[in-house]
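All remarks here apply to the structure that follows.
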Amino acid sequence: MPARFVSRWWLADKDLSRRLGSESSVVVIPDAEAITGWLPRIVAVLKRPSEDRYLAIEALWRFLRQYPPDVDICNDVSLNHLPELCALLFSPTVKRNYVGVILQLMGFCFKCTFLHGVEYPMIRSAIARKRVDVRRLNTLLLDRLQGEIVREAPIAEVALSTQAKISETTCDEIWLAVALAYLFPDIVFSNPRSVQFFVACLRSSSLHVRAHGMRVLFDFCRRRDPESQVFASRHIVKAWTNGFPPNLQSDLEAYGPSRCHGPIIMSATAELSEFLAQQDESLDFFEFGKTFAKAMLGADRLALSAPFAWKSSELPYNTWFETLPYAAQILRSRSELDLGDILELKFLLRIGQFERVKEIAEKAAIRSPQIGFWYYALTFAMDTIDPEVLELASKGLECPDLPAYERYALLTESSTRGWERALQLLVLPPRSSQFTEGIEHLNSSYRHFLILIDTAPPDSTGLIGLINLIVLVEVLRHGPSLSPDLKELNYIMKKIPLIQKINDFIAVQEGGLPGQGFPSGTVKDMIFKYFPTTAFEWKHFLVRADTCQWAEEEQASQNGEASSDILSEDIENLRLDGSQSINQNRKLLIRSLVGAHKDFHFYRCSSCGKPNASLRKCSICGQTSYCDKDCQKAHWKVHKKDCRSPIIAA
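Just add 8 to the spot in the sequence shown (first one is 1) and you have this note's numbering.
Right under this line is the structure:
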């Protein structure tokens, strides 16, 4: 197939043209020949100690700066020709005004290589084979990023007419830092300045720059500290049964044990176990199926582990859990289709048959779209951050009478997956529709995080990772406006000690099993360590980052489309500085969000314990719920100590 001629490359120096193998100052280069012929010739000139090497840089620049960029050329440079560029870069006699050009070329090539799907291991092994001194390259890049850069005169103005635009240079240098961090994380992060740099990115006025910094830190910590399993309901029940240390017990007493996850699930499990004891005497699979289809998540799993007393050749089950599919068939045979599907889905989710889960839940959602359990099941069966999964979680949260523990699970999945989806999209070009979608996911996950931390009991499963994660969300959304000591995050930080102590105690109890589930705690610690000093130590970088091409594109996009604003109006003022008025605004918004989701906590009267979907909340703390005024009055003597506790008031 004949080569496609795409452009004319005007060489600035006729002598260089001759040395590259052409007698003409005008060279026409087809795409294929650029890779197989001209690029190796240009790279060969880079090795010469004479002034020719700078002319070669200019020629290489023209190869790379065509629009759209030639991905094959960029890949060739990234995989095969870094040593030649580094040799010139590391040379003690290199001209100062070429350092930025070389780094920019590297960053530009890596950007194209990354965005067009070349696998990291392939790039890493290619660079390793070429014996590139990554540590030295990273150090030189950090020096360049951290130092003050004066506007340098264009190099060979005919060829490099855009070189003086430091705004473009900054973007490509950030890309180079990102690429090195992903390709060689152990080398890059052995230098503390690398962590400082990516934390400094979080102070930029450009959301795109902040997203790059946050994503690198988040992914690095996830790689270094793989996601650990959070504690399950059985672990918190064990902790409450065995008892907590005195200091932790006193904190839980102040919070209110009746509001905690452990006692609630223990009570629900006890009721289910009592019901099963009755079934041991008189078996009724229809009543059994209805009861456990409606049972609270977590409590049902604990109770169903009991042995099945009616085991026979007709009923060859060892535990009650194994009977769920059989009971589901009986429910369906009596026209209880929804309850039958819920019961079977609980079984299938437990054993990991997710394809079957999707098949049943999708059909059930068409039949009865108002039942939230279908969306809960589908969300857990689809382990992705695709938009359709986030949409399913949102639909589930809109369902009426959604049980509190299903709501907690859906809020957790919606907020955490929305966060990861936002990070994935916010590193794409700021003018793209994907970037705008990333902003929407960031705002949506933020709303759900706020509901979680204001309504979830401190011993909720996985809460420590979630509350640390909202710190990252706040920093990503508001980085440049946060004070050096991050005092605006105090409303989150003061909730962490109790949650952390519970998590630490269970970790000791279980031999180190429970973790955070996310690397959010490690990233949070990095931010709190370096954030206070980055404004000064990286001030020159921040000036460039705030005026870089990405920042300009974001501003242009925001001016053109109101929908692309980073903050939604109703959550814009949720950055706290400790003042009563702002704190009150946040509490009012939280209550409105919670009210919109009908989050009546545990759907059980705090006085008589009866389940009810139309409970009235305590008007003071909003944390307890009652059937009517009589139940509320009867419970006041017990509740008033908890209602006025400093932990609730916080």
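Glycine included, every Cβ here is placed at the ideal spot set by N, Cα and C. It should be emphasised that the depicted structure is a prediction, and the values quoted were computed from it without experimental measurement.
| Asked | Found |
| --- | --- |
| At what residues does the alpha helix (DSSP H) containing W318 begin and finish? | From DSSP, W318 is part of no alpha helix (DSSP H); its letter is neither H nor E. |
| Just the C-alpha distance for A67 and Q112, rounded to the nearest angstrom, thanks. | 14 angstroms |
| Within 10 angstroms of the Cβ of Y611, are there 16 or more other Cβ atoms? Answer buried if so, exposed if not. | Any reading at Y611 must be qualified, since the residue scores a pLDDT of 40, below 50, and its modelled position is unreliable; the value itself is stated next. By the neighbour-count rule (16 or more Cβ atoms within 10 Å), Y611 is buried. |
| Since I believe L150 is in contact with S214 (beta carbons under 8 angstroms), could you give me their beta-carbon distance rounded to a whole number of angstroms? | No, S214 and L150 are not in contact; Cβ-Cβ is about 19 angstroms, not under 8 angstroms. |
| Out of curiosity, what's the CA-to-CA distance linking P505 and A464? | 15 angstroms |
| Per DSSP, T277 forms a beta bridge with which residues? | DSSP, once it has assigned bridges, lists no residue as partnering T277. |
| So, are the CB atoms of C626 and H647 less than 8 angstroms apart? | yes |
| Need the endpoints of the alpha helix (DSSP H) that D233 sits in, please. | Careful: D233 lies outside any alpha helix (DSSP H) and carries neither H nor E. |
| Just mark M534 as buried or exposed, buried being the case when its beta carbon has 16 or more other beta carbons within 10 Å. | buried |
| CB-CB under 7 angstroms to N326, same chain, minus the five flanking residues each way: which ones, in chain order? | P315, F316, K319 |
| By alpha-carbon positions, which one of D394, R375, D259, W328 ends up nearest to D288? | W328 |
| Among residues of its own chain, excluding the 5 on either side of S587, which ones have a beta-carbon nearer than 8 angstroms to its beta-carbon? | Reliability fails at S587, whose pLDDT of 38 lies under 50, so the model's placement of it is uncertain and the value that follows must be treated cautiously. Nothing meets the Cβ criterion. |
| Quick one: grab the DSSP three-state call for T469. | coil |
| May I ask which residues mark the beginning and end of the alpha helix (DSSP H) holding V53? | 47–54 |
| Please classify N250 as buried or exposed, where buried requires at least 16 other C-beta atoms within 10 Å of its C-beta. | exposed |
| Which partner residues of T327 appear in the DSSP bridge assignment? | P315 |
| Check each candidate in A276, F239, E370, F355 and name the one with the smallest Cα separation from N511. | F239 |
| Excluding sequence positions up to five away, which residues of its chain have a Cβ less than 6 angstroms from the Cβ of A64? | I50, V53, L54 |
| With a 10 Å radius around its C-beta and 16 neighbouring C-beta atoms as the bar for buried, classify S528 as buried or exposed. | buried |
| In three-state terms, what does DSSP make of I579? | Interpretation of I579 is limited by its pLDDT of 45, a score under 50 that renders its predicted location unreliable; no figure is taken from the coordinates. |
| Excluding the 5 residues flanking F192 on each side, which residues of the same chain have their C-beta closer than 6 angstroms to its C-beta? | V142 |
| Leaving aside the five residues before and after E165 along the sequence, list all residues of the same chain whose C-beta is less than 6 angstroms from its C-beta, in chain order. | At E165 the pLDDT is 40, less than 50, meaning the model places this residue with poor confidence and gives no usable figure here. |
| Taking its Cβ as the centre, do 16 or more other Cβ atoms sit within 10 Å of G360, making it buried, or is it exposed? | exposed |
| Tell me the rounded alpha-carbon separation between P411 and C117. | 51 angstroms |
| Helix, strand or coil for D346, going by three-state DSSP, please let me know. | helix |
| Compute the beta-carbon to beta-carbon distance between A385 and A369, rounded to the nearest angstrom, for a pair I have assumed lies under 8 angstroms. | 4 angstroms |
| Check whether the stretch 241–258 touches the stretch 273–292, counting contact only when three or more Cβ pairs, one atom from each stretch, lie closer than 8 angstroms. | yes |
| I'd like the ranges of any alpha helix (DSSP H) spanning at least 4 consecutive residues and lying wholly in the stretch 245–292. | 254–263, 269–289 |
| Count the other CB atoms, across all protein chains shown, that sit within 10 Å of the CB of M304; report buried if there are 16 or more and exposed otherwise. | buried |
| Less than 8 angstroms between C-beta atoms, sequence neighbours within five positions excluded: which residues of the same chain meet that for V245? | G270, I273, M274, T277, L310 |
| When you compare each of R230, S58, T121, V140 to L688 by their alpha carbons, which one comes out closest? | The structure shown does not extend to residue 688, since the chain is modelled only from 9 to 658, so the question has no answer here. |
| Closest to S376 by CA distance: which of D391, G348, K354 is it? | G348 |
| Kindly confirm or deny that the stretch 532–546 and the stretch 196–211 touch, where touching means at least three C-beta pairs closer than 8 angstroms. | yes |
| For a minimum of 4 consecutive residues, which ranges assigned as the alpha helix (DSSP H) are wholly contained in the stretch 78–153? | 79–88, 90–98, 104–123, 128–137 |
| Return the residue from the list P100, N199, A134 that minimises the CA-CA distance to N146. | N199 |
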